[in-house]
Amino acid sequence: MSEQPPDPASLSSEHKDALIRDLRRQLAALQQPKRELLDELREAPRKARAASAATSPKLGRHLGLWRSPVVLGVVVAIMLAFAVDAGVGRYQAHLTKQQRQARLQLENSAMRSLYVELKRIVAEADGKSFRMTLSLQNTSPAGPLYVMLNPVAVYVQSGMVWQQVPSRPVDAAASSVVAVAKDYAYDVLFTPDVANWAELMPGYMHVRIQDDLLVSQRAQPGDDVVERRTPFYVYLRPPGSTGAPPLFIPMPPH
Numbered sequence: 020m021s022e023q024p025p026d027p028a029s030l031s032s033e034h035k036d037a038l039i040r041d042l043r044r045q046l047a048a049l050q051q052p053k054r055e056l057l058d059e060l061r062e063a064p065r066k067a068r069a070a071s072a073a074t075s076p077k078l079g080r081h082l083g084l085w086r087s088p089v090v091l092g093v094v095v096a097i098m099l100a101f102a103v104d105a106g107v108g109r110y111q112a113h114l115t116k117q118q119r120q121a122r123l124q125l126e127n128s129a130m131r132s133l134y135v136e137l138k139r140i141v142a143e144a145d146g147k148s149f150r151m152t153l154s155l156q157n158t159s160p161a162g163p164l165y166v167m168l169n170p171v172a173v174y175v176q177s178g179m180v181w182q183q184v185p186s187r188p189v190d191a192a193a194s195s196v197v198a199v200a201k202d203y204a205y206d207v208l209f210t211p212d213v214a215n216w217a218e219l220m221p222g223y224m225h226v227r228i229q230d231d232l233l234v235s236q237r238a239q240p241g242d243d244v245v246e247r248r249t250p251f252y253v254y255l256r257p258p259g260s261t262g263a264p265p266l267f268i269p270m271p272p273h
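For what it's worth, my numbering labels the leading residue of the sequence shown as 20, then goes sequentially.
Below you can see the structure in the form of structure tokens.
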């Protein structure tokens, strides 16, 4: 059970004064937290204003830095460098695309518009050599093709290997650059002097003719040159043969 407060009427003057002082202390103790909270609330706006006042000069200094001509010049230079780099990149990509398209067009002309044909093979009067005629035909509507005629290589099969035999162009133009507008033909002499030639077909040698060409669409080309390699396979009667014709039988590439 809680203690009952004393009756003020029964207390002496000294006890009354002591009781009053005690009540004042208790009241002050109860009011102390409220005062502290009020003090904190009063102080809070002052701190915010102080922080704002401290931040304003800093912001001013940063804005002043951006107004500097040196800083603006550096920023403009960096932006210009990025713009130039992007422009150069786009130009290089465009140039690479154009070069690729030109290369594909040239390869298409060299492989599809230029026909290479073995027209004929005839025996020479010496009884040892043969003369073959190769023909070039340009069907490209874009204009003439400029062809570098490399030496034609001739091989005769001996056993399981191909043995190269002597060959040479008949005309000097057959080893130079020629402009093929429509048709062009050139002759090559070769001497298939091979003792143990393979007789895959009775009475015939097995011969491979390798015609390597360099093709361009310009008379003075740079890197725009395409190699065109055309092999021919024929069965050919040996030199001095008196058998019945034909002298040679063309075969498909193999």
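In this text, a Cβ means the ideal position worked out from N, Cα and C, and glycines have one as well.
Owing to the predicted nature of the structure, the values given are computational and were not obtained by experimental measurement.
- One alpha carbon belongs to D202, the other to V166, and they sit about 12 Å apart.
- When the five nearest sequence neighbours on each side are left out, the beta carbons in the same chain lying within less than 6 Å of the beta carbon of G222 are those of G262, in order along the chain.
- If only uninterrupted beta strand (DSSP E) runs of at least 3 residues are considered, those enclosed by the stretch 155-221 are 164-168, 172-177, 180-184, 186-188, 196-199 and 202-209.
- Between the C-alpha atoms of T152 and A204 there is a straight-line separation of about 7 Å.
- A contact between stretches requires three or more CB pairs, one per stretch, nearer than 8 Å, and the stretch 226-236 meets this requirement with the stretch 249-264.
- The C-beta of L168 has 16 or more other C-beta atoms within 10 Å across all chains shown, which makes the residue buried.
- Distance from the Cα of L133 is smallest, within the candidate group T158, V171 and A37, for T158.
- Measuring C-alpha to C-alpha distances from A200 to each of I268, V234, R109 and L219 identifies V234 as the nearest.
- Residue burial is scored here from C-beta neighbours: L164 has at least 16 other C-beta atoms within 10 angstroms and is therefore classed as buried.
- Cα atoms of P188 and P170: separation of roughly 7 Å, rounded to the nearest angstrom.
- E218 and E246 have their C-alpha atoms some 32 Å from each other.
- Non-local C-beta neighbours of A198 in its own chain, meaning closer than 6 Å and more than five positions away in sequence, comprise P163 and Y165, ordered along the chain.
- For K138, the enclosing beta strand (DSSP E) begins and ends at L133 to A142.
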